[in-house]
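Encoded as structure tokens, the structure appears first; notes follow it.
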Amino acid sequence: MAKADIAVFPGSFDPLTNGHVEIVRRAITIFDKVVVAVLSNPSKSTLFTVDERIKLAADEFSDCKECVEISSFDGLLVDFMQGIEARIILRGLRAISDFDYEAQMAHMNRNLSCEVETLFLTTSEKCSYISSSLVKQVAQFHGDVQKLVPPKVALAVKQKYINRK
Ligand code: ADP
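Its first residue numbered 7, the sequence shown is counted upward by one per residue in the working numbering.
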């Protein structure tokens, strides 16, 4: 199958989950390159720093360095996209409940730049209930998150909450 272009997969990735990983791994069969764009927003409080989130993603995709790039951005996503000459925003859809917010973002981004297109991949059933916030809620009470996130992320999340005790 012929591949096309660069897709930018933006998000907080606080932390990276199996749902995110699945979207990226499916996307690299469609696009030449997927840029995982980690949002660095100082006004949003996150469990992991932007450097930690980048490192966890880089570790996860170390087997496909030529087609997955990890980057961070702040400010407007469309400005970041313009900087790397990318047109396609990739987002994941879990359920209809994601749709309203995602459609709003897609309209706003197209409004800001008529060059960008947002494309969606729907999640598989096994990842459809996974979210970073749920992972944090479970881990906070020392619940097992190993089935929800990559092994290194599970370890890092556990460590965070041990340190916070
Ligand atoms: P944001 O704060 O921008 O929503 P997230 O890190 O929560 O950042 O999500 C980034 C992208 O990954 C979004 O498009 C989101 O819908 C998608 N996503 C999150 N969890 C899953 C999942 N379990 N399966 C598929 N896509 C997901």
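A virtual CB, placed ideally from N, CA and C, is assigned to each residue, including glycine.
Taking 8 Å as the cut-off, the Cβ atoms of Val42 and Val74 count as close. When rounded, the separation of the alpha-carbon atoms in Asn117 and Leu82 is 12 Å. Distances from the alpha-carbon of Leu45 to those of Phe54, Ala162, Leu140 put Phe54 closest.
Here the region 50-66 does not lie against the region 93-100, with fewer than 3 beta-carbon pairs under 8 Å apart. Taking Thr128 as the centre and dropping the five residues before and after it, the same chain places the C-beta of Leu99 closer than 7 Å to its C-beta, in chain order.
For Arg97, the enclosing beta strand (DSSP E) covers residues 94-99. Measuring C-alpha to C-alpha distances from Ser139 to each of Met111, Leu154, Ile76, Ala13 identifies Leu154 as the nearest. Of the candidates Asp11, Pro21, Gly17, the residue whose Cα lies closest to the Cα of Lys164 is Pro21. By the 16-neighbour rule on beta-carbons within 10 angstroms, Asn24 is buried. Sixteen is the threshold: when 16 or more other Cβ atoms of the shown chains lie within 10 Å of the Cβ of Ile29, as they do, the residue is buried. Residues of the same chain with a CB within less than 6 Å of the CB of Val144, apart from the 5 flanking positions on each side, are Val151 in chain order. Ser78 carries a strand assignment under DSSP once its states are collapsed to helix, strand and coil. Look at which beta carbons fall closer than 6 Å to any heavy atom of the ligand ADP; those residues are Gly17, Ser18, Phe19, Thr23, Gly25, His26, Ile29, Arg97, Gly98, Arg100, Asp104, Thr129, Cys133, Ile136, Ser137, Ser138. Of the residues assessed, Met87 falls on the buried side of the cut-off, its CB having 16 or more other CB atoms within 10 angstroms.
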